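Please read the structure below before turning to the comments.
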Amino acid sequence: MTKMHRDKHQRTAYALRRLSVAVDRVIVAKTPEDKQRAMAWAKAWGILGQFPSRN
């Protein structure tokens, strides 16, 4: 079986999708711990996708 290599645009699109899911999780989080965990994932996907932060 051969491994599929994704180009930069595909990797960026995937990171953006995962970032979107993480932000959705932040919005619906019921506890502060869940919110912090989701924010950490959102930050990680933002860094991986090389998206600029507002900080």
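Just so you know, we're using the numbering used here here: the sequence shown kicks off at 854 and counts up by one. Here a beta-carbon is modelled for each residue, glycine too, at the ideal position from N, C-alpha and C. None of the values given here were measured: they were computed from a predicted structure.
Under the three-state reduction of DSSP, M892 is assigned to helix. Counting every other CB atom within 10 Å of its CB across the protein chains shown gives A866 a total below 16, marking it as exposed. Per DSSP, reduced to three states, the secondary structure at K861 is helical. Here A882 is near A891, since their CB atoms are less than 8 Å apart. Here DSSP, grouped into helix, strand and coil, assigns A882 to coil.
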